[in-house]
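Residue numbers (the numbering used here), protein chains in the order written: chain V, 1 to 507; chain U, 1001 to 1503. Ideal Cβ placement from N, Cα and C applies to all residues, glycine included. Let me begin by presenting the structure, written as structure tokens, before commenting on it.
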């Protein structure tokens, strides 16, 4: 199969599973609850993995996940019995179950994969709702209309979209030659190419019928010298793989291996660094996961204001950065409505089908929004802000590419990506982690050699605050978080005084 | 099937699916084929300040087929359980193996393993945690939450329990057919104290480990929950009021509740042979403990003895037979401080001259390919009666006693690591002198283990562990336990995490 012909095959006719729409309708029809949401996810994935110039584990899979969410309306007395359950430790002791637009409700969720017994799954979720107390995230169901997801019933009737190894055909076809070139140069290639499409169907007893097909692909390539002393990485997120050129990846790596021709040992300390977009993504995705409105209100977040309240409205950084999510972001398209089979601090199963639109988390360098589900938002008097399936950091007006920033550098460390990032102190959002697969010394506008790796201790909030320059945003792949946050666009950043806490001898 | 250890697979067409997949694979010329039909029940309940925040009750069912044909690997998986779909897996897997064979640099072989015939195995447990009604789980977590919230030193409480029952039916071309059940549970409670004026906060979490047990774990079998919950508010209050640590070099006495994770990262992952050989170079990383150093690498001091096993009762990696049909084993990894062994799967064993795999293949889902995953990698206690933790502390003039794990990070070759913990006690002249805070310890692996002066005796030994060890692409999550005694380490670098964050 040539890479130019990627018309994917339709779903096999001989599959024994009933169509996803039928599962949704049968589950809704079986429901005896006061409200019900049914989620069917059809997953199709293919991957090729390789290392030491040979393919290793290659796979294809098909999955179907079905989740049934049952809601049970509670009478007033029933709901009130739990009102003080929070006790003295529950902050304000507030009840969220009585939020505007909602009667108190209990909720139960049950999920399964494959050819589920629909009746049994519905009863299991109802049994859980029957045994549950009032849900603090209870809210009125999302009604069809402007507030709900924007895709119509026609799309709902469409079949799921499968992928196959054909999507990776261009990469697979090129690997043998790439391995040959690597062997000849004394290098070893390792990497991973994966393409998947998740088609989700959401139906609710309030009348929503929504569908979204989400493609997600990742290409990663590592080249290591045979003695392991030099190692470089390139990665990219993609929807179709049509924009992935294996040979171009090899050339990016060859440039970096050449940079590593001269080795410079540098000690721990604070350095000016140039973060490529991929490394910026490593830090920004971690930060976005800490943007819980409730945690901030309760004083247990880096976004809490000393003295109480949140930092919404406060300046976070001198440069007028914008951090946003937008389902319509070109090239990073994501679901325009919320689907979730589990409630959490800022996400609620009651919000299934809620429209997800453009959301500015940071604007003009000021914190604009934190994540809230509808019940929490109503309680706090803010707009609901569900998570968005992509993340973009941009400095309005910035045009420089990373190479331009290298050319304008007196002395700095150029990084490639960050790795093994973990939170050290949630108060400051101090993160630790490693530089990986390429740290370079830039002097007088040119890369002059490769530097040892470092362990860093830094907060992404401080990184934004100490950023002195940003380039134009482009699609980026967080190596650390890319498997579940594939769609990011980030700028290269120049950051002063980046804290390299110790040297890592690793390559 | 009627016995308790196979109920989870009751009603599934096991024989039909496995026969269809294996027969088709054999007919297509596969030299190796293994098929797994699995049912994994996972339940998760989380309470925030005594109120239910999250519930998950999930049942994953599927079948995966892994083949080797003409030295090339293919894997295919589906959630459809019938003969036709199973046979199609063989076609899909073989097609993928053929499609990628042009890029094959090294032919894949699998180390020999005798057929074990039809066998059954179950991990030891008393009460299936997934059969306990949600309301009972919520009631327990409510009770635990209330007890902590009753303290005016506690502002917020998170209480969670994750329980998994993993039923796995495996068959391969050699005639091994295994039916196994593993049960595991992880309850955890965390208290938070907020100082709204300063915008600061601290937390204290239970150090009860996740274990391979049933619901009985929550009522005192294997852990004294009442005793631990009673101490959390005062421990938290003491931490809040404690002085910030002075960065510098300290002797550390590390409690098993913290040390297990350091073992996991700096010994467990470093001694996976696929990593050491570069097969994880693009993702999890490689290892400083390269294969040429087997038998000679000075990993640590002579008191360091590390064993890998998949046999320890209640161990999270324990199993009867692995996901390549290899009977579980116990083997030395570091003896007298020297690297003497690696964790293997059949492919790594065959490629590198081992007669047999030591049984470390695992797939976290029927839809994922088995790869080498971690055994229970455990540091052995001192022989005989051995020292108590107090006796280890008595040998420290200026140090820190580290309890409970929290933050962790290590580099891609397993040299440079940094860990924090739940609580830290100053040690002065051989005695505990109150908590301090904002501590992280940072070291290089062989220097750290070389500074191990003494390990505690059997009485200090605790089996810790985690549900969420990550490896592979697509990512797989494995449960694993690590037993260890308390340990005394000399001259370790300690950072002040607030100072690290200040500009």
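Which of helix, strand or coil DSSP assigns to residue i
{"i": "residue 1329 of chain U", "result": "coil"}
{"i": "residue 498 of chain V", "result": "strand"}
{"i": "residue 1217 of chain U", "result": "helix"}
{"i": "residue 1390 of chain U", "result": "helix"}
{"i": "residue 493 of chain V", "result": "strand"}
{"i": "residue 1497 of chain U", "result": "helix"}
{"i": "residue 1190 of chain U", "result": "strand"}
{"i": "residue 311 of chain V", "result": "coil"}
{"i": "residue 185 of chain V", "result": "coil"}
{"i": "residue 44 of chain V", "result": "strand"}
{"i": "residue 118 of chain V", "result": "helix"}
{"i": "residue 280 of chain V", "result": "helix"}
{"i": "residue 1315 of chain U", "result": "coil"}
{"i": "residue 1473 of chain U", "result": "coil"}
{"i": "residue 1095 of chain U", "result": "helix"}
{"i": "residue 363 of chain V", "result": "strand"}
CB contact below 8 angstroms: residue i versus chain V
{"i": "residue 1156 of chain U", "result": "yes"}
{"i": "residue 1279 of chain U", "result": "yes"}
{"i": "residue 1224 of chain U", "result": "no"}
{"i": "residue 1056 of chain U", "result": "yes"}
{"i": "residue 1038 of chain U", "result": "no"}
{"i": "residue 1319 of chain U", "result": "no"}
{"i": "residue 1013 of chain U", "result": "no"}
{"i": "residue 1474 of chain U", "result": "yes"}
Cutoff 6 angstroms; reference residue i; Cβ partners in own chain excluding five residues on either side
{"i": "residue 358 of chain V", "result": "326"}
{"i": "residue 1078 of chain U", "result": "1085"}
{"i": "residue 100 of chain V", "result": "Residue placement at residue 100 of chain V is poorly supported in this model, since its pLDDT is 42, which falls under 50; the coordinates are not used for a value here."}
{"i": "residue 520 of chain V", "result": "Outside the shown range of chain V (1 to 507) lies residue 520 of chain V, about which nothing can therefore be said."}
{"i": "residue 1147 of chain U", "result": "1229"}
{"i": "residue 294 of chain V", "result": "345, 376"}
{"i": "residue 1087 of chain U", "result": "1020, 1024"}
Partners in chain U for residue i, counting only beta-carbon separations shorter than 7 angstroms
{"i": "residue 427 of chain V", "result": "1200, 1201"}
{"i": "residue 424 of chain V", "result": "1407, 1420, 1440, 1497"}
Neighbour list for residue i in chain V, Cβ cutoff strictly below 7 angstroms
{"i": "residue 1133 of chain U", "result": "131"}
{"i": "residue 1075 of chain U", "result": "57, 58, 59"}
{"i": "residue 1028 of chain U", "result": "Within 7 angstroms Cβ-Cβ: nothing; residue 1028 of chain U doesn't reach chain V, min ~15 angstroms."}
{"i": "residue 1458 of chain U", "result": "Under the 7 angstroms cutoff, chain V gives no residues; its nearest Cβ is about 32 angstroms from residue 1458 of chain U."}
{"i": "residue 1099 of chain U", "result": "165, 172"}
Proximity test, Cβ basis, 8 angstroms: residue i and chain U
{"i": "residue 41 of chain V", "result": "no"}
{"i": "residue 47 of chain V", "result": "yes"}
{"i": "residue 407 of chain V", "result": "no"}
{"i": "residue 345 of chain V", "result": "yes"}
{"i": "residue 379 of chain V", "result": "no"}
{"i": "residue 327 of chain V", "result": "no"}
Proximal residues of chain V, C-beta to C-beta of residue i below 8 angstroms
{"i": "residue 1092 of chain U", "result": "60"}
{"i": "residue 1371 of chain U", "result": "57"}
{"i": "residue 1246 of chain U", "result": "Going along chain V, no residue has its Cβ under 8 angstroms from residue 1246 of chain U, so there is no contact; the nearest lies around 17 angstroms."}
Chain-ordered neighbours of residue i on chain U, where CB pairs are closer than 8 angstroms
{"i": "residue 420 of chain V", "result": "1409, 1410, 1411, 1412"}
{"i": "residue 459 of chain V", "result": "1501"}
Contacting residues, own chain, Cβ-Cβ under 7 angstroms from residue i (five flanking each side not counted)
{"i": "residue 128 of chain V", "result": "108, 109, 110"}
{"i": "residue 1107 of chain U", "result": "1071"}
{"i": "residue 1022 of chain U", "result": "1033, 1035, 1171, 1173"}
{"i": "residue 1257 of chain U", "result": "1207, 1403, 1404, 1405, 1462, 1464"}
{"i": "residue 191 of chain V", "result": "50, 220, 221, 222"}
8 angstroms Cβ shell around residue i - same chain, five flanking residues per side excluded
{"i": "residue 1430 of chain U", "result": "1393, 1394, 1395, 1396, 1397"}
Within chain V, the residues that residue i reaches when beta carbons sit closer than 9 angstroms
{"i": "residue 1061 of chain U", "result": "112, 113, 114, 115, 116"}
Between the region 1193–1200 of chain U and the region 1055–1066 of chain U, do three or more beta carbon pairs fall short of 8 angstroms?
Touching, no, given that fewer than three Cβ pairs across the two stretches are closer than 8 angstroms.
For the pair the region 1182–1192 of chain U and the region 1098–1111 of chain U, tell me if three or more CB-CB distances fall below 8 angstroms.
With the cut-off at 8 angstroms, the region 1182–1192 of chain U and the region 1098–1111 of chain U do not touch.
Given 8 angstroms as the limit, is there contact between the region 1171–1184 of chain U and the region 1031–1039 of chain U, that is, 3 or more CB pairs closer than that?
The region 1171–1184 of chain U is in contact with the region 1031–1039 of chain U.
Quick one: any contact between the region 441–461 of chain V and the region 408–427 of chain V, if contact means 3 or more CB pairs under 8 angstroms?
Per the Cβ contact rule, the region 441–461 of chain V is in contact with the region 408–427 of chain V (3 or more Cβ pairs under 8 angstroms).
With contact counted as at least three CB pairs below 8 angstroms, one residue from each stretch, are the region 1313–1328 of chain U and the region 1347–1364 of chain U in contact?
Under the Cβ criterion (8 angstroms, minimum of three pairs), the region 1313–1328 of chain U counts as touching the region 1347–1364 of chain U.
Hey, is the region 1332–1346 of chain U in contact with the region 1487–1503 of chain U, meaning 3+ C-beta pairs nearer than 8 angstroms?
Too few Cβ pairs lie closer than 8 angstroms, so no.
If contact is defined by three or more beta carbon pairs under 8 angstroms, each pair taking one atom from either stretch, is the region 255–268 of chain V in contact with the region 227–245 of chain V?
At 8 angstroms Cβ cutoff, the stretches touch.
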